[in-house]
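Scroll down for the structure; my scribbles are underneath it.
Residue numbers (the UniProt record's numbering): 1 to 316.
Have a look at this one:
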């Protein structure tokens with residue numbers, strides 16, 4: 001009996017594999033210039049790697065959380081981490097020293113964003129909090145929390161800033177002036193809300209989704225909010241008026257490839273328009289939990305605690 005050996009696609013093989021973490025990888029973030037990647041883990045640490053070199057060299061380890069890392073943000077020379085220990089920490093990227101610990105949430109942190117002036121965190125405690133980025137002028141007993149945003153009835157899952165001008169008001173007197181910087185929150189309750197960063201009051205509530213809002217993005221120039229939900233739709237909204245502009249069920253625009261990481265241990269590349277499977281990447285020993293795209297490469301993290309770099313150069 002003859003058996004034909006299965007052909008292996010060399011382009012689907014791992015370029016680099018790293019198993020520094022002791023437990024599952026839960027999240028990752030890229031620096032703006034895509035040169036650095038920071039991964040978070042169930043082991044309670046975050047690790048920083050060189051993302052553009054052939055070898056994913058570990059450049060530093062951030063230790064201090066007492067539970068698993070849930071989210072990561074990178075701003076300038078700082079790494080900000082959120083954890084299931086209900087705290088947010090700010091770290092110096094060069095020394096890996098913890099500079100600040102922000103405590104006040106009553107449940108695990110879900111997401112973090114940073115503008116340089118403030119750090120905003122969201123939590124399963126149904127709230128979002130704004131924190132001072134620079135705490136150097138605070139006394140030891142001063143609370144670095146600037147504002148707590150309360151109004152959602154379930155966990156706050158996603159965050160975005162909106163720095164648009166004061167439009168949507170009948171007169172300059174009605175405008176909030178320097179309060180124009182807004183925070184947008186998306187929740188498991190199916191709504192998004194906008195808030196002025198310097199006021200705890202909700203400005204608008206965006207209602208229409210029938211499932212949790214898992215991701216949000218803002219087109220600041222057009223003053224449009226985009227919300228993606230587990231109800232399988234993406235909605236666009238007028239930021240100022242809170243009015244739904246469009247409901248989209250299908251991808252459109254300039255998407256070329258869609259990459260997915262799954263519980264079956266595989267990462268897949270699909271053609272965004274036709275939906276055709278272009279490539280299957282296999283190398284993880286457990287489900288994939290996080291991915292980051294760096295020009296020509298995909299870096300994936302999984303429940304097996306490994307980071308794997310894959311080539312996508314001939315696909316995109």
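Every residue, glycine too, gets a C-beta built ideally from N, C-alpha and C.
N- and C-terminal bounds of the beta strand (DSSP E) containing residue i
i	result
residue 266	266 to 271
residue 28	25 to 30
residue 115	No beta strand (DSSP E) holds residue 115; DSSP gives it neither H nor E.
residue 87	87 to 92
residue 159	156 to 162
residue 260	257 to 261
residue 77	It is not in any beta strand (DSSP E) - residue 77 carries neither H nor E in the DSSP assignment.
residue 58	58 to 62
residue 98	98 to 103
residue 48	46 to 50
With 16 other Cβ atoms within 10 Å as the buried cut-off, status of residue i
i	result
residue 18	buried
residue 40	buried
residue 130	buried
residue 182	buried
residue 247	exposed
residue 330	The question about residue 330 has no answer here: the residues shown for the chain are numbered 1 through 316.
residue 141	exposed
residue 82	buried
residue 283	buried
residue 260	exposed
residue 275	exposed
residue 158	buried
residue 70	buried
residue 277	exposed
residue 76	exposed
residue 262	exposed
residue 307	buried
Same chain only: Cβ atoms within 6 Å of residue i, ignoring 5 sequence neighbours per side
i	result
residue 189	152, 153 and 154
residue 281	12, 267 and 310
residue 224	236
residue 22	43
residue 174	Interpretation of residue 174 is limited by its pLDDT of 42, a score under 50 that renders its predicted location unreliable; no figure is taken from the coordinates.
residue 106	125
residue 112	71, 73, 80, 82 and 121
residue 90	78, 80, 99 and 100
Own chain residues within Cβ distance below 8 Å of residue i, not counting five before or after
i	result
residue 150	126, 127 and 200
residue 220	162, 163 and 164
residue 118	130, 131, 132, 133, 146 and 197
residue 191	152, 205, 206, 207, 209 and 213
Cβ-based neighbour list, residue i, same chain, cut-off 7 Å, excluding 5 preceding and 5 following
i	result
residue 303	24, 286, 287 and 289
residue 208	235 and 244
Paired residues, beta bridge with residue i - DSSP
i	result
residue 205	193
residue 291	300
residue 130	120 and 147
residue 34	For residue 34, which the question treats as bridged, DSSP gives no partner whatsoever.
residue 219	224
residue 43	Paired residue(s): none; residue 43 is not in a bridge.
* Asked: For the 8 Å Cβ check, are there 3 or more pairs between the region 61 to 73 and the region 37 to 53?
  -> yes
* If you pair each beta-carbon of the region 291 to 301 with each one of the region 27 to 36, do three or more pairs fall below 8 Å? -> yes
* Asked: If you pair each beta-carbon of the region 220 to 230 with each one of the region 263 to 277, do three or more pairs fall below 8 Å?
  -> no
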